[in-house]
Amino acid sequence: MPQLTEAYACVPSTERGRGILISGDPKSNRLLYTNGRSVILMNLNNPLDVAVYAEHAYPATVARFSPNGEWIASADVSGTVRIWGTHNEFVLKNEFKVLSGRIDDLQWSADGLRIVACGDGKGKSLVRAFMWDSGSTVGDFDGHSKRVLSCVFKPTRPFRIVTCGEDFLVNFYEGPPFKFKQSHRDHSNFVNCVRYSPDGSKFITVSSDKKGLIFDGKTAEKIGELLSEDGHKGSIYALSWSPDGKQILTVSADKTAKIWDICEDGNGKVHKTLTCPGSGGVDDMLVGGLWQNDHIVAVSLGGMISIFSASDLDKAPLSLFGHMKNVTSLSVVKNDPKVILSTSYDGLIVKWIQGVGYSGKLQWKETSQIKCFAAVQEEIISSGFDNTVWRVPLDGDQCGDAESVDVGSQPKDISHALQCPELVLVSIDSGAVLLRGGKVVSTINLGFTVTASAIAPDGSEAIIGGQDGKLHLYSIAGDTLTEEAVLEKHRGAISVIRYSPDVSMIASGDLNREAVIWDRATREVKLKNMLYHTARINCLAWSPDNSMVATGSLDTCVIIYEVDKPASSRVTIKGAHLGGVYGIAFTDEHTVVSSGEDAFVRVWKLTPQ
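Note that our numbering has the sequence shown beginning at 395, numbered continuously upward.
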């Protein structure tokens, strides 16, 4: 069975103009955040140590560890809360339908018996507190008229609950059973986050009006504020207390994080301003923050996670990055060290080094959306959802000046002739386009609907797959294509074609879940009955020694076939990526890299059979 050796995590899902509430577990030093339907647990001491919980039926919004670290409660946009164990395969304890709309925040009580959740809903039900084991409601929460963005449990007895939201109110409830006590209207914009100090003596609210207010924990009287001198110049999205309760961290749309000292007189003074590395664009606005043990974590709108050390604030932060959206293609561009490039359709190209993880992102000035992507060591070729193909020289970590070529129609597939790198075959709906360098040398109308293509490494032959499930072989002489043969076996439109590294075989996959390996010399089927996926095949790759083919499919599985053995002796990686596998590559004879809808890139070690 293949072993998962590395997982390069996705970054938290973010949304413009909203904060995200990340959390963690001080005991195991793990960070907890959500992306799509996944809840990600990342070890802050070793960011490659990542676990994923993927059982939500809807996009997850927030997750929290219970006080003893044994359970996690996670919530989603449908108003459902799932409570599951942090050990042995994340066993589900309970699932409750809590609100009628999305849940924005949830919090455990200090004794781990009650949970309060808040968010959006119909009518008055914007906040609910319930018992963690039975789901029975404890209290009545009225007083809010709009979406409630944050809620918090007082960590010490007597228990209190504080909520805040888009109606500019901060509401205070006593209990259990909880009932409305009082309300404060001191903010003049959305109140984004409220948090109690670890000893329960104070709570602080922060808001889009750039202010932070400090209240007494027991009586909810206002006792001070975060002083505006050197304060934030944009909306404050989140705050987090230091473990000793003397300082807080705030993050803001002004692209800075600030550490505040909470003084004896009840006010907060800026102790230090932290800036995260970035270009200074919109994507660098900070939307999430967490202070856990010695780690100070800030998350930007673009998803960059910066980890500062609380004991040495001047030290440059550790930056972690990854994809936020479906990772649609993978290329291995170098063997020592093994460099992997992954792309997602939002135009992001991330560079990973096997064994190290994130090692930078590649950008050129005109970066647009990416639909098709091919890369070799010196060059990237990509196309988006318009008629343009970009050729970008690659020099180490930097992209050179991009050349664009208009091919007259939206590209369906791009392939490189590896031995004569200036030659590129681009397939479009009606046919194929040959590029040499930055010029279109010929556009050939083939008379059938093209869905996939590949060009031989020496540039002498092209294979073009059609909507009709046939593979058409063409010889390339100069700038013209001459049809040599038609291979028929597939029963669905061709989705991917690849030459083996020694060019003796061809592998193809279709939308009808079948893959076929052909012998190039005789043009006969070499391996048949590769019918073990249950949905369309999205991607396929050859091992460097020509002995194996790996296929990735919408059914979330990766299947590895050996060319010299019958297809039934395949190896299957089930559930490799939630939502489907979209990119696959071999880095060596025993290692497969896959990527998919869940925005992860995973490295699998194949054990000899």
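Glycine included, each C-beta is placed from N, C-alpha and C at the ideal position.
In this text the structure is predicted, and so the values were computed from the model without any measurement.
Here Ala469 is actually not in contact with Ile477; their C-beta atoms are around 10 Å apart, not less than 8 Å. Counting every other CB atom within 10 Å of its CB across the protein chains shown gives Ala879 a total below 16, marking it as exposed.
Closest option to Ile497, judged by alpha-carbon separation, among Ser519, Val471, Trp526 and His689: Val471. In terms of Cβ geometry, Pro787 and Gly794 form a close pair [threshold 7 Å]. Classified as exposed, Val750 has fewer than 16 neighbouring CB atoms from the shown chains inside 10 Å of its CB.
Glu489 sits in a strand when the DSSP states are folded into three classes. Positions of the beta strand (DSSP E) runs, each at least 3 residues long and wholly inside the stretch 631-698, are given as 641-646, 650-656, 662-669, 680-686 and 689-694 in order along the chain. Measuring C-alpha to C-alpha distances from Lys920 to each of Lys883, Ala796 and Val588 identifies Lys883 as the nearest. Proximity to Glu560 across Glu568, Ser602 and Arg892 peaks at Ser602, based on C-alpha coordinates. Counting along the chain, Met436 sits inside the beta strand (DSSP E) bounded by residues Ser432 to Asn437. One thing to note: Pro895 has its Cβ within 7 Å of the Cβ of Asn940. A direct Cα-to-Cα measurement between Asn482 and Trp465 gives close to 12 Å. Ala944 is positioned such that its CB atom lies no closer than 7 Å to that of Met924. The count of Cβ pairs closer than 8 Å, one atom from the stretch 696-703 and one from the stretch 656-667, stays below three, leaving the stretches out of contact. A distance below 7 Å separates the beta carbons of Ile857 and Ala848. Restricting attention to beta strand (DSSP E) runs no shorter than 3 residues, the stretch 933-968 encloses them at 942-947, 952-956 and 965-967, ordered along the chain. In the structure shown, the three-state DSSP call for Asn839 is strand. Beta bridge pairing from DSSP links Asn729 with Lys732. Excluding sequence positions up to five before and after Asp823, its CB lies within less than 8 Å of the CB of Ser803, Gln804, Lys806, Thr843 and Val844, all in the same chain and listed in chain order. Beta-bridge pairing by DSSP links Ala979 to Val987. Ser738 is positioned such that its CB atom lies closer than 7 Å to that of Val721. For Gln763, the closest alpha carbon among the candidates Thr669, Asp780 and Thr399 is that of Asp780. Separation of Ile808 and Leu867 (C-alpha to C-alpha, rounded to the nearest whole angstrom) is 16 Å.
Per DSSP, Lys548 has no beta bridge partner at all. Going by DSSP, Gln397 is part of the beta strand (DSSP E) stretching over Gln397 to Tyr402. Residue pairing by DSSP places Cys512 opposite Asp499 and Val521 in a beta bridge.
Taking C-beta separations shorter than 6 Å and ignoring five residues to either side along the sequence, the partners of Leu712 in its chain run Ile701, following chain order.
Pairing Leu438 with Leu425 gives a Cβ-Cβ distance under 7 Å. Listed in chain order, the non-local C-beta contacts of Ile967 below 7 Å within the same chain comprise Pro396, Cys951, Val952 and Trp998, local neighbours out to five positions each way being set aside. Here DSSP, grouped into helix, strand and coil, assigns Glu449 to coil. Look at Asn423 here: in three-state DSSP terms it is coil, with no helix or strand label. Note on geometry: alpha-carbon atoms of Asn440 and Phe584 lie some 36 Å from one another. Close CB contacts of Lys732 within its chain, under the 6 Å cut and outside five residues either way in sequence, are with Gln748 and Thr981 (chain order). Here Glu483 carries a helix assignment [DSSP, helix/strand/coil].
According to the DSSP assignment, Gln576 belongs to the beta strand (DSSP E) that extends over Lys573 to His578.
Taking the Cα positions, Ser889 is about 24 Å away from Glu773.
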